[in-house]
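Asks: Residue numbers (the numbering used here): 7 to 174.
Backbone N, C-alpha and C define an ideal beta-carbon position, used for all residues, glycine too.
#1: So, helix, strand or coil for residue 119, using DSSP?
#2: Going by other Cβ atoms of all chains shown within 10 Å of its Cβ, with 16 needed for buried, is residue 69 buried or exposed?
#3: Opposite residue 126 in the DSSP bridges: which residues?
#4: Can residue 111 and residue 128 be called in contact, C-beta distance under 7 angstroms?
#5: Please classify residue 153 as buried or exposed, where buried requires at least 16 other C-beta atoms within 10 Å of its C-beta.
#6: Excluding sequence positions up to five away, which residues of its chain have a Cβ less than 6 angstroms from the Cβ of residue 160?
#7: Output needed for residue 87: all residues of its chain with C-beta closer than 6 angstroms, excluding positions within five of it in sequence on either side, in chain order.
#8: Please check the pair residue 194 and residue 141, which I expect to be a contact at CB under 8 angstroms, by giving their CB distance rounded to whole angstroms.
Here you go:
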């Protein structure tokens, strides 16, 4: 494989430096259409938006999602929670450690198998979730206003569909 390059001579802090830059090549243009990156960009923007909204109440969007899931499922095994959230178990464990330090969740050994871990929302967790819900509602309404209710509904359907076909 041949890499064609050209140099730029830059003066940085009074010193001449040569920088090698790859020539633009047609084969690299296709990389700008990466589906993964295309989906991650808006996901990052939405996450940043929710982080700003939740900052005032002292919770992160990932933490809110975990608490909301636990409020709806009740006590659940750690592996089942990871599956529901589409998270690696190690990543979920890091998030759960923070929630446990804040006393927002409780992690107990399983009844049938003490090696299993059962995660549940604590009283403080319900209180934190209750404090965060109005901020979440505000964020939801803002997105709905800016994007449109129908567009949000269509996007939700498309993302649900995408999640199903990729995981099966």
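Replies: Taking the structure as given:
#1: coil
#2: buried
#3: 112
#4: yes
#5: exposed
#6: none
#7: 125
#8: With the chain running from 7 to 174 in the structure shown, residue 194 is simply not present.
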